[in-house]
Structures are given as C-alpha cells and as structure tokens.
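Visitor: This is the structure, below, for whatever I ask next.
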Amino acid sequence: MKVDPITLEVIRNRLIAASRDIRRTVERAAYSPVLYEVVDFSCGIFDSEANTIAETPGLPSFLGSLGYAIKSTYHTIGREKLKPGDVVLCNDPYNGGGTHCPDIVVLCPAFYEGKIYGWAAFRGHTVDMGGIYPGGWYSNTTSVFQEGFRLPPVKILVEGEPNEDVFRLIGANSRVPDAVLGDIRAMIAAVRTGSRRFLEAIEKYGLGVMLGALQQILDQGERMSRAAIRCIPNGIYSAEAFLDGDGNDDMPLDEELRLKVTVIVEDDEITLDFTGTDQQSRGPMNVPEPSTICASRYAFKIVTTPNLPSNEGFFRPLKIIIPEGSLLKAQFPAACAMWPTPTNVIPDLVLKALAPAIPDRVRAGHFGDCMANFIYGTDPRTGRYYVCAEGDAGGYGGKPDEDGECALFCMNLGDTYNVPAEVEEVRFPWRVERFELIQDSGGAGRFRGGLGARRDYWIIGHQAGLTVTTDRVNCCPPWGLFGGKDGRPSITVVYRNDGREERWRKISNLPLAPNDVVSFETGGGGGYGSPLERAPERVLQDVINGYVSGEKAREEYGVVIEENQMIVDIKATNEMRRKKREGFPRQGKCTVQKHAQT
Amino acid sequence: MFRISTDVGGTFTDGVMLDEDSGALSVSKVLSTPQNPAIGTVRSVEKFGISLDEVSFFVHGTTVVINALIEGKGAKTSLITTRGFRDVLEIGRSNRTEMYDALYRKPRPLVPRYLRFEVTERIAADGEILVPLNADDLAMIIDQLRREGVESVAVCFLNAYANPDHEQQVGQHLREHCPGITVSLSHNITRRYYEYERTSTTVQNAYVMPVVQTYLRSLEQQLAERRFGRDLQIMQSNGGVMTSAVAREIPIAMVESGPAAGAIGAAQLAALLGYENVISYDMGGTTAKTSIIRGGLPETTDQYLVEGRPLLLPVVDLREIGAGGGSIAWIDEAGALHVGPQSAGADPGPACYMAGGSEPTVTDANLQLGILDPAYFLGGEMEISPQLAQQAIEKIASRFGLTADEAALGIIKIVNTNMAGLLQSMTVKRGYDPREFAVVAFGGAGPIHATAIARELSIPTVIVPVFPGVFSAWGMLMADLRHDFARTYIEPLNGADATKINQMFRDLERQVKGLFERENIENENIVLTYEMDLRYSGQEHTLGVPAPAKMTDADKEGLGRAFDEAHYRVYGHNAPDEAKEIVSLKVIGIGKVKKPILQALKRGRQNPAAQAKIGKRRVYVGNGRYQEFSIYRRDRLLAGNVIPGPAIIEEPTATTVVESDQTCSVDQYGNLVISLS
C-alpha cells in the first residue's frame, strides 16, 4: 500500500519517538553506572523480519546485531510459540547475543490480531554475568565457556507474567545479582513501552498503512544512501592495521593480529571486504559475525550519511565480505570477550582507506580503544561486593580544518558518558586523584591530534582486582594522515604502594593493594598534515595552554619559542623549519595505497 | 499604583502595565536594541506615559545572559580547581552526541586552559578535610589573575558540595586581594554533586557576571532617572523572580527568563480560572515551547544545556521543537516531506511576506488554507501575498501530485503531529493523562494550532489569554519571588539520621531566607516546601517526593511509599521491597507578592454582538472539502459570548481557530476558553 507523504512522515516521527522512549526508561531506572552513565546500550524498533526501522543512539557498535537477536529468537523459540505479552532475553554470543556474555538483549514482540508485526529491542551491558573473573571482559580466556553464563533466547516474561525461574537462574550466576536484575527489570519495562507505542501506531493508522509506511521508510533510507555513495569517487581502496594480540602481557596468547579492509566503491554501492584478515585467535580477540556486520555498517554510515537517522534501508547498498574462519567471523566456542577491540578499529580503518578519495571528510586515527577496565572487591565501608566497569576517553585525530578533539570516548562507544569523580567516591572505595589532559599526547600535525587523558584511582582500605584490555599500543598507535605524526598510545600504570611502577596493556585479575594507585592514560589522536605547516602562532598558543611542551614545539613543529616572554622566535623558527624540510618531503605521503581507479 | 513588566526578545521588547486600582492592562511593543537592551526597555516603559514613582512592582526579563553565552561575549574568566582537576571543564563527560560524525566537535570551554588554575587542597565525599588549602598556591594564582587582566573568577573544588569551607576561604581571599574581580563559588550556586556539571554552571555564572552587572547598573540608573524608587525584579529560569541585588550574584539563574515567564503566566492564569494542571504552549516564528504545570507550579529540570554546556540549576522544564510560523517545508533527497527545523525567520520570512522568501512555510500554508486573512495580518498593518504563498506551496504539491490546498494541509498536519508528539512525551511519559490538562496557548502562532493539537490528544480545554502576543511579559507580572536550594546527601533512607536531615533542611532554609531578607520579603509571605530525591539503592537517577519540614523516623515509611508510587507512575515498574536511598534534599522558597486584581470585561449576551462577526471564509479541511468558518474580531467580543465552531477569531497579533466540534466562550476577563463540544 502506497502511503501518502504526510502520513509517512507522521508515522516515521512516531516510531523514532517510540525508540527514544525505550532509551529514556532504561536510562532513568537503571542500576549500574555502565547503563545510566556509560550509556553502554542500544535500542530500536524493528519490523517483523528484524529490519531496523528506528534506532536511538547509545552504542553504535550494538545496533545492527539486535536484528540477529530477533532472528535467533524465531529460530530457537519458534515464531509460532511466541505469545502476546512475552518478553525474550538472550546473551549467548553465538545464539542471539552476537557480542559477549555481559551484554544482555531484551526483546518484546508487538502482536496485532494474533500476529507479530514488529519488535522493540534493547541491548545493554550488565556488570557481571559470571565468568572466570568479575566483569565479563578478559584478556586471556580461550573458550566462551570461561566467559560467563550464557542464555539462548528464553522467555523472561510469559504472556505478561515474570518467569521467576529465569530470574533466579540469572541471579544465581551473577556476582552482583541485585544490580543485574534491577537493570533487567528496567530493560523489560522499556521494551514493553516501545512495543506498545508500535501497536498504537498500527491502531491509529491501520495495518495496511503501517506496513506500507515501514516499507517506504526503508526505501527512502536506501535512496539517501545511494545518493551519498555517488559522492565518493569510484575506486578500490585498502588499508590494514595490526592489533597488539591477546593474553596477559606477561603471558601472551596471540602475537600481533592483522586486520585488513578493502573498500570497493562502484557507483552507488560499496563493498567492504575483509579478506587478508588473520585467522581466528586462540585468545578472546574474536568477533562473532553479527558484530563485524555492525561495525561495518557503522563505518559505512560514517562515510555516507552521518547526519541522517538510521534504518535497514540505508544498508541495502552495502556488501560485506568476511572470510570464513577469520577472527572477524569467530566460530563457536571461540573466546570472544574482547570482541570490541577489533571492531573498534574497523571504522578508523575505513576512514584511512578512503582518505585519498575524500580527504576533506576524514580525520587521522583516534586512540581507538574502549579502554575497558574493571575494578572489583569488597567495599570496606559497607562490606558489600562491588564491580566497577568503565571505559576511558582519549584523543581523536586531526581533522581537515581543525585540531582533533580531546578526551572523547572511542568511536564505537558513541554517546557514552564518563562517571564523575564525585559519584565514584560515593559509590566506590577509592579516591580519584586526578583527571587531566596529557601534554604532548596528540600527534603533531598541521591540525594536531586531540589529547588523551589521565585518570588516577587511589585504592583505599581493601584488596581489589583489576582487569584491563587496552590495544593499539604497540602495533598500531593512533595514526597520522597526510604527513601528520602518530598520537601517543594508551597505557595503564599501576603505582604500587612501595614505589614500584608497573605498565600494563592487558592483564586479567591483577591484585591491587591498599594505597596502590591505578592510572589510566588514554592515547592521543594522530595529526593531520605536516606539523611543519602548522602556523607558528598556533603552536605558541598550544605551548601557552600546555597542550604541547616547548621541547616538542621545537622537535616536532620546528617552532622555537622564547619561553620567558612566550613569543615565537621567528628567525630561529624559519631556520629550523628549513632544516627539517630538507630532511623530510614537504608534503608527507599518506601511507595508504590506492590500487586502481575504475 | 502600577505594576510593569518588560520582556526583551530578539526582535521586540514587550511591556505590560497593570493598573492596580482598576485592573486595567496596557501593552507596548517596541523594537529591541541589542547594543544596549536597557534602551529598548526604557522605551517600552515610556510608551505608558506614567511617572515611575507610581510603580510598585517592576519585573524585567532579559536575554542578556543567554546572548552572552551564545555569542561568546562574556568576561575574561578564570577557573580555580582542586589540583589535578583543571581539565574537567574541557574533558566534560566525554560523550559524542552525534555518533556517526567522524568530525564531531564538542562544546568549547569558556575558560582557556592557561587561565585554569589548580590549588592543593582536598575534601572527601563525606566532607572531611583531607588536605588543607595551600595558601601559597593561592597567592601565586592571585598574581596571575592580575597579570592576565582577568575580570571574573569561578571556583569549584571537588566535593565542595559536602563541605564548602575551602571555597569560602578562596572567596574571602579573592574579595580581599582582587576587589575588581567578580567571584563565583560553586556551593553558592548549588550544593549538588557531579563536578563537571557544577563547574560548568559556576563558570557560566562567572562568565556572564560582569556583563550582567554592567547591564543592570545601566538599566537601574535609567529607571532611577525616571523616578523609579523600588527594587528592580528580575525574571529567573525557575519561574520565579529575584531582586537585581541577587541577580548580580547568580546571574546564570536568569538564563531562560523569557520562556520561563510564559510558563509562570500560564500557571497563574490557570490558577485564576481554576485549573490545576496545565500545558503551556508558546509558538512563535521559529520554535514551539511547552512546559507542564502541576498543582500551580511549572515543573523544573536540572538537566539543562546551553550551547551544549550543562547547567545544574532548576530551569522550567521547557521542551522546544523547531516548529513555528516560519518553519520551512522541504523534501529530502529520498523524497520524504519534512517541516522545520529550519525557519525563514523574520527576514526574509515566509514567502507571503514579499521580502524575497520563496520557501513554503507554516504561515504560507495557513494562508493558503484560508485560516489567515491576507487583509488583516498584524491588524492590516502588513501586506501579505496569497499568490506568493501558493507559488511556494506548489513546489511541494507538484512533487507529490497534490493540489496546493492538500499540500498546505499536509504541512499543517506534520507540524501538528510533531507538536502533539512533544506534548505527549511530556505528559504520558511521565505518567500524566493529557485529558486531565488544559492548554494555555500563546505566542503569535500558538492559538492557530492549539485546538487541533488538543483534539489529537483528547485535551478538553484550550485557553487563549488576552494579549497572547505579549503573554510572557504578562506572566512576569504575576510571578512570585522564588529561590531553590538543593544539597546532595547520600544515605540509606531507613538508616538516615532525622536530626541530621533536619539540620540540613535548616541550612538550606537559611540560604533561602537569607536571600529573601535581602529582598525585603516579610516572613509571613514566605512559603517553603521541602523535597527529597530518592532512588532504590544501587540506582543512579532519582525521583523527587515531597518531604515534611521536620522529619521524624516515622515519616520514612510514607516517603518510601511515595517514591514507589512515583517510580511506578514514571517508569511503569517498581520494587517496593528494595532499600531506598536519599540522594539530595531541596528547599523551594516562594516569596509571595500581592496578586493584582484583573479587570473584568463588560458582559454581553450569549450570542456575540452583530458587529463582532465580520464575515465568513472558506477553509480547506481535507478530502477535497471546504468549510465555511465564521470570522470574529476579538476586540468586539464581550464576556459571556459563546461562539460555536467552525470559527476564526482574529486580533492583530494572533488568530484563534475554533474547529467544528468545538465551542469557544469568552470568560469574565476576556480569555477565550475553547472546549470540545
């Protein structure tokens, strides 16, 4: 049924509002910071065939995989076994979940006259779903069986009534059952709201109009997408990067792992081909296929229609090729706790590949890691067990016309919030000692990379455990573009109470003692363009503001600053820049190869 | 004696004067003077032709704060923080609101890094002083402030919400050693946790403080020259007023003064007419703003952003969408029709203004449909062209193979649903039933659209006040003084020490009463209400419930139950068996001012006088059908008149639509009250 443009717009806006309602309900009623501050979730409205109709930002790396949860539900429970009032829950990475065990998906079908016409879906990170150590995010697991309690799609509500058996099962398998069950209750309320709003739209506009509208909404998305692809020159572009590997730093499992993408732009279609990516790893740096598809869609959206809403139609012109058996298409029962790490690099890699084609729409590499960290123990003030799951924010790459942004969460974390120090000090037994930008962490460039940040926790009065899984440290620091320098990579430093200092990229369950200080230092972004082309006045401003040291101004930018008076020594600067240019080509070359122009 | 209010807007400065003896209202409208808004303000007052020593109450609403923030024209400002935290202002919450934008740009800090200074000191979350304030650090900073020519300083220390001692020391020091520099201390503005939000609020306060002080000095001087001898009252974003003496200290509290006044006007008008629950609906040229009033007070939020920068202060919870008379209808690349948020503004304005605009707007659509009379726009003072409106709308119509009328109706439908969605999200989502509300519609375009929106949501009553074009200024006239103070206090509800809670409530009271004292408000005119923000322990976000002024342990159960109920109402689920936690305590102080008596309109019969009805007009209503609407002049209507729909009631600055299933009656004060028949 062809729906008139006015009704269509009205229905579209209603569904977007429904999706927003889901988010708001969870945000305000959730228990764990990871949901209410970190916004580690995504939600959306889907049609009966699991196509995304409307989404609400949260975690972009989550969205596309919600559709797989719906398909898995049909496959596992059976479409005919679903009843009005049912709510489904799953977290199995290989059946419905698609990410890793702590991420829980909650789904509510919208029934109309006995048939499913749509779904409201929510995926959120819970603080603990069991597994070898608290938090569900490990560097050294070798099988998904070590990573937590897995649920294939199961009914958590049966025709509107709570399935207490499932609640008890989850409670029994989590280290912090109150928080996890509280969050799940909030998610259930949210998807029920979303589903009800979908039904209200059917009731108001009629089934025929609604189905026609859903179709047209997707068709419009497709047209927008195709128009945007036509703005990218045809060609085959590729880029690769190496991950640092997994295991603990003192006991590695896999050494560097290669990620490769070839972007084929042909008129109004794009193919992302990951051929050349390494085989599945022994450790947890593996990605279940749905999550690779999400990351690819995310990268695609960034370079095509970043300012438009998203639905399934937008992705019709996108083809994704993932080699069988590669770490981007992990096979059960591969460990996959660190799935976000490779997927985090995909958007950056696509930007890098397309840099020669659309130099004015890309930026240099960002620190590119969730910086997921977990501290857990028993709070000496209350005697209660706690798990604090957080990420940290770092620098973004220089842009075509301005410096990179300082201290933002990595691309895949989207609209995630940090937890205020004042909130942490109430909730957790430690003191936040500093939260500051790191001088010289941004890669030098005509447009400098943004700075990373340092956040120190002073552990008070108890023994705690720490898990960190940082990447892009050794093998692919945040890269510069067009002659810009790399940013300083991320690292976690533990300052022991006896004066020793330990530096960690990846470690699971590291013991922390009272008065140890854990310092999370995030990387800076890469620079864009040669630093020798940066206006000396801007370098001076950076030195005055302490973003760049006088020493780096000289070394990297060739700008000599008279530090007593804070002025540029123009003569010495010209001289130094001339010398530096003789050593380097005037315009740095992008490291990316462009194979062919079709 | 008279009461006067002035509301400075982007284009016009509105004035309203009320004669306290007769209740008669006068209004004035002059062009705003952005260079020095005080000039426009004085002009709007001079139009009334009275001597200002006859004025008992003068309220002023101004955009001077919001403009300084939006245009980046505040003072050279510095920030002093706890050592290790000067970058909190720049790091912010590290989120990216545009998640697909690789080139995302976060809000820039109002204080550059070289003017952000750190002091060695530390206070724990429970208020204990862990590291005393280092005086040497402070002395060095003072040198720097002088050297750099800083005009204003913000101070925000970690956990100062729990113990403001160090901030107070710094404040005293600065006032002694740098008398020319204005000082903002975070705990004086709010004692709530969330260091970025509190820092951001304090910095914004400091940033506008010198600008506001200069402005108020200039305005007060000019008013004094015209023999005004009372305290100047300033409209705040929380829906109350404050004296200019207080406004000088907390200027950030007036950031949304104009829009808040509209909400307070709606609240006061509704109270006068006997409605408890009201939706205020203000639609102008570029946006529509709404807010919810329950039990006579507008709801406030503390999650307000200005240019992406948070404010941790109660602001009337105004939701805004880009839907006004000037909103442009457009078709995207995929062929979908949208209306707004881009607006043709005042220049060039809608196509029908004949000022060069060629894009179809909401006003063009209303003209096309026959809702607006081309001969009576701004009371006939402005010529508009139905031909140009139609030409613009044809752009949309031809793309979809529709008639111009059908396309125009489509534009209106989209705008109305967007706005109905907004109202729905503000009521239903909070667990309120829109059918228990009345809409107060104002602004140039509000009365045109309100009745259709009300019908969509089954809202039974729409009220269009007298002078809907200057309603915000009228609202200010009716506002009481108001001061809110909140304090973070995290304790389990059951275990909390009632004595300690009472102590904190008394502290907050003292803060509130201290301000009222400076404003010469008598004790018997102060009404204090107490609130407690609660949550299930383990949750983060809270819900407020009313609390008794003097807590006893026996009150805890009732508070817990009230929270359970609120949680169910707002989120659709609750967990009564779970432990609850107190997060913050609030005291809201209202300083009652004497309410003026409104003048009653002359009484007429049920049928309006013959000269009130000036004719009929054909209006397109869809499906190829036209309907005859009776046209009335508002200034010829009398109290008690009843007008059955379909009808259009015209006045120079607004047009009210009464649909065919609605009836409009004129109440004793001249307000139009439209109900579903």
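Protein chains in written order, with our numbering: chain A, -14 to 583; chain B, 1026 to 1702. Beta carbons are placed, not taken as given, at the ideal position from N, Cα and C, and that holds for glycine.
Check whether the stretch 332 to 345 of chain A and the stretch 277 to 288 of chain A touch, using three or more Cβ-Cβ pairs below 8 angstroms as the test.
Guide: Counting Cβ pairs under 8 angstroms, three or more are found: they touch.
Visitor: So, does the CB of residue 1138 (chain B) fall closer than 8 angstroms to a CB anywhere in chain A?
Guide: It does: the Cβ of residue 1138 (chain B) has a partner Cβ on chain A nearer than 8 angstroms.
Visitor: My output table needs one value for residue 1532 (chain B): the three-state DSSP class, helix, strand or coil.
Guide: Three-state result, residue 1532 (chain B): helix.
Visitor: For residue 376 (chain A), I'd like the list of residues in its chain whose CB is within less than 7 angstroms of its CB, leaving aside the five on either flank, ordered along the chain.
Guide: The residues are 23, 355, 356, 357, 394, 398, 401.
Visitor: To the nearest angstrom, report how far apart residue 580 (chain A) and residue 222 (chain A) are at their CA atoms.
Guide: The predicted position of residue 580 (chain A) is uncertain, since its pLDDT is 42 and thus under 50; no value can be drawn from it.
Visitor: Scan the stretch 391 to 434 of chain A and note each continuous alpha helix (DSSP H) run of 4 residues or more that stays entirely inside, going in chain order.
Guide: The qualifying runs are 406 to 412.
Visitor: Taking any Cβ of chain A, which residues in the stretch 1197 to 1225 of chain B have a Cβ under 7 angstroms from it, in chain order?
Guide: Answer in chain order: 1218, 1219, 1220, 1221.
Visitor: Is the shortest distance between the beta-carbon of residue 578 (chain A) and the beta-carbons of chain B less than 8 angstroms?
Guide: Note that residue 578 (chain A) scores 41 on pLDDT, short of 50, meaning its location in the model is unreliable; the coordinates nonetheless yield the value given after this. With 8 angstroms as the cut-off, residue 578 (chain A) does not count as an interface residue toward chain B.
Visitor: Under a Cβ-count criterion, where at least 16 other Cβ atoms within 10 Å of its own Cβ denotes burial, should residue 1307 (chain B) be classed as buried or exposed?
Guide: The residue is buried, with at least 16 neighbouring Cβ atoms inside 10 Å.
Visitor: Any Cβ of chain B within less than 8 angstroms of the Cβ of residue 403 (chain A)?
Guide: At least one chain B Cβ lies under 8 angstroms of residue 403 (chain A).
Visitor: Is it a yes or a no for the stretch 450 to 461 of chain A touching the stretch 480 to 498 of chain A, going by three-plus beta-carbon pairs under 8 angstroms?
Guide: Cβ pair count under 8 angstroms is three or more, so yes.
Visitor: Residue 406 (chain A) to residue 1220 (chain B), Cα distance in whole Å?
Guide: Each residue's Cα considered, the two are about 7 angstroms apart.
Visitor: When you compare only the Cα positions, how much space is there between residue 1596 (chain B) and residue 1605 (chain B)?
Guide: Looking at the two C-alpha atoms, the distance is approximately 16 angstroms.
Visitor: Helix, strand or coil: which one does DSSP assign to residue 117 (chain A)?
Guide: If DSSP states are grouped into helix, strand and coil, residue 117 (chain A) belongs with coil.
Visitor: Should residue 1332 (chain B) be flagged as near chain A, meaning a C-beta pair shorter than 8 angstroms?
Guide: With 8 angstroms as the cut-off, residue 1332 (chain B) does not count as an interface residue toward chain A.
Visitor: Evaluate contact between the stretch 518 to 529 of chain A and the stretch 551 to 558 of chain A, counting only Cβ atoms and requiring at least three cross-stretch pairs below 8 angstroms.
Guide: Output reads yes: the stretch 551 to 558 of chain A touches the stretch 518 to 529 of chain A.
Visitor: Note down, one range per segment and in chain order, each beta strand (DSSP E) of at least 3 residues found wholly within the stretch 1359 to 1410 of chain B.
Guide: Segments of the beta strand (DSSP E) lying fully in the stretch 1359 to 1410 of chain B: 1362 to 1368.
Visitor: List, in order along the chain, the chain B residues whose C-beta lies closer than 9 angstroms to that of residue 529 (chain A)?
Guide: In chain order: 1137, 1138, 1139.
Visitor: Any beta carbon of chain A sitting closer than 8 angstroms to that of residue 1390 (chain B)?
Guide: For residue 1390 (chain B), the answer is no, since every Cβ of chain A falls outside 8 angstroms of its Cβ.
Visitor: Are there three or more Cβ pairs, one per stretch, closer than 8 angstroms when the stretch 1353 to 1363 of chain B is compared with the stretch 1485 to 1495 of chain B?
Guide: Touching, no, given that fewer than three Cβ pairs across the two stretches are closer than 8 angstroms.
Visitor: So for residue 276 (chain A), helix, strand or coil by DSSP?
Guide: Of the three classes helix, strand and coil, the one that applies to residue 276 (chain A) here is helix, per DSSP.
Visitor: Rounded to the nearest angstrom, how far is the Cβ of residue 1476 (chain B) from that of residue 1336 (chain B), given a contact under 8 angstroms?
Guide: 34 angstroms between Cβ atoms; not a contact.
Visitor: So, at 6 angstroms on beta carbons, what are the nonlocal neighbours of residue 574 (chain A) in its own chain, with the 5 sequence-adjacent residues on each side left out?
Guide: Residue confidence is low: residue 574 (chain A) scores 39 on pLDDT, short of 50, so the model does not pin down where it sits. No coordinate-derived value is stated.
Visitor: With DSSP run on the structure shown, which of helix, strand or coil describes residue 247 (chain A)?
Guide: Correct three-state label for residue 247 (chain A): strand.
Visitor: According to DSSP, residue 451 (chain A) sits in a beta bridge with which residue or residues?
Guide: DSSP output for residue 451 (chain A) lists A:360, A:495 as bridge partner(s).
Visitor: Quick check: the Cα distance between residue 1044 (chain B) and residue 1062 (chain B), rounded to an integer number of angstroms?
Guide: So the alpha carbons of these two residues sit roughly 25 angstroms apart.
Visitor: To test your reading of the DSSP string, which unbroken beta strand (DSSP E) runs of 3 or more residues are found completely within the stretch 1217 to 1263 of chain B?
Guide: Qualifying beta strand (DSSP E) stretches, in chain order: 1257 to 1260.
Visitor: Tell me the DSSP secondary structure of residue 980 (chain B) in three-state form.
Guide: Lying outside 1026 to 1702, the shown extent of chain B, residue 980 (chain B) is not represented and no answer is given.
Visitor: What does residue 292 (chain A) reach in chain B if we use C-beta pairs closer than 8 angstroms?
Guide: Near residue 292 (chain A) (Cβ distances below 8 angstroms), the residues of chain B are 1123, 1125, 1126.
Visitor: Throw me the rounded Cβ distance for the residue 504 (chain A) and residue 441 (chain A) pair, which I believe falls under 8 angstroms.
Guide: Right, their Cβ atoms sit about 5 angstroms apart.
Visitor: Measuring straight from C-alpha to C-alpha, what distance separates residue 7 (chain A) and residue 1565 (chain B)?
Guide: Spanning the two alpha carbons is a distance of roughly 17 angstroms.
Visitor: Considering residue 258 (chain A), what are the terminal residues of the alpha helix (DSSP H) in which it resides?
Guide: That residue, residue 258 (chain A), is in no alpha helix (DSSP H); its beta strand (DSSP E) goes 254 to 258.
Visitor: Does the beta carbon of residue 135 (chain A) come closer than 8 angstroms to any beta carbon on chain B?
Guide: So, not an interface residue.
Visitor: Starting from the Cα of residue 86 (chain A), find the closest Cα among A:121, A:102, A:276 and give me that residue.
Guide: Out of A:121, A:102, A:276, A:121 has the C-alpha closest to the C-alpha of residue 86 (chain A).
Visitor: Are residue 1699 (chain B) and residue 1673 (chain B) touching if we call contact CB-CB under 8 angstroms?
Guide: Contact: no.
Visitor: Would you kindly check if the distance between the Cβ of residue 1341 (chain B) and the Cβ of residue 1007 (chain B) is under 8 angstroms?
Guide: Residue numbering for chain B in the displayed model covers 1026 to 1702; residue 1007 (chain B) lies beyond these limits and cannot be assessed.
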